[in-house]
Each structure stands twice: as structure tokens, then as C-alpha cells.
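Per numbering that gives the first Met the number 0, the sequence shown starts with residue 0, numbered consecutively.
Glycine residues also receive a C-beta, built at the ideal position from the N, C-alpha and C atoms.
None of these values were measured; they are calculated from a predicted model.
To keep things clear, I will list the structure first and then write my remarks on it.
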Amino acid sequence: MEPFAQTVNAAKKYVVSSALERVDWNAELVRGDLGKAVEQLKREPGKGLFVSGVTFPLALAELGLIDEYEFGVHPRMAGHGPTLFAGLSKCVDLKLVSRLEFASGAVVMRYEPRR
0 MEPFAQTVNA AKKYVVSSAL ERVDWNAELV RGDLGKAVEQ LKREPGKGLF VSGVTFPLAL
60 AELGLIDEYE FGVHPRMAGH GPTLFAGLSK CVDLKLVSRL EFASGAVVMR YEPRR
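Structure (C-alpha cells):
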């Protein structure tokens, strides 16, 4: 857990918000046209952008700006919580690219959209 925490702490973060005036924790506030902002960030050098949350990934999927989906499934059912991509206006067909299983029973699957 410690290496993961160190990696997350060190990573550059972008916060998309029309309400916030400032952000901290190594973050930059992104405003304006979401599509243009994300396209610009995707052109910058690095290992890509990682997105979390519920509403932000939905907005990016609607704009067709997600090049790769990575889903982690953990062996615990909660029975509550937000639904990922709820309200998506059209189906997105995916192709499985890789799958990684852990001793805990967790599985991480990586997909690319079929275009």
C-alpha cells in the first residue's frame, strides 16, 4: 500500500470544476471546454491520464475521449453506491486487452473501445 500511496501523492493531478476557486495536493484546476482541455492534456508527454470518480469518466466517455478502460473488481459486494457510467447515452463496445488476477481474488481488466 505504501508504494501506491507514494505514487499517488507524487502524481500530477487535474481537477475539473466550475465551482472551485483553487485546489491543492499537487493539482491543477481545469476550466472551460472539457473536450479541448482533455485533448490538450493527452498531447502532453507522460504515461497518460488516469481518471476516477463517476461523473467525470461518464463525461469523457460521452465525448469519446477514453482510449482505454481499466476496471478493478474486488471480491466484496456492497449492495449500494454509485453506478459507473449510469446514464451513458449510447453503448460502448470494448475489446479485452489484458487481465490480471491477484491472490486476494481481485481482478483488473483492461479494455480498449472498438472503433
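Would residue i and residue j qualify as a contact pair, given that the criterion is a beta-carbon distance under 7 Å?
i, j, result
"G34", "L57", "no"
"P112", "V96", "no"
Determine the DSSP secondary structure at residue i, reduced to helix, strand or coil.
i, result
"F49", "coil"
"L19", "coil"
"A58", "helix"
"Q78", "Here the sequence assigns Gly to residue 78, which means Gln is not the residue at that position. Three-state result, G78: coil."
Among the options, which has the Cα closest to the Cα of residue i?
i, options, result
"R98", "E43, V15, F70", "F70"
"V14", "R75, A26, V37, T6", "A26"
"S51", "G45, I65, P44", "I65"
Any heavy atom of the ligand SAM closer than 6 Å to the beta-carbon of residue i?
i, result
"Q5", "This structure lacks the ligand SAM; in fact it carries no ligand of any kind."
Suppose the cutoff is 7 Å on Cβ atoms and the five residues either side in sequence are ignored; what does the same chain contact list for residue i look like?
i, result
"V55", "Before going further, note that residue 55 is Phe rather than Val in the sequence given. So the qualifying residues of the chain are V15."
"A60", "F84, L87, V91"
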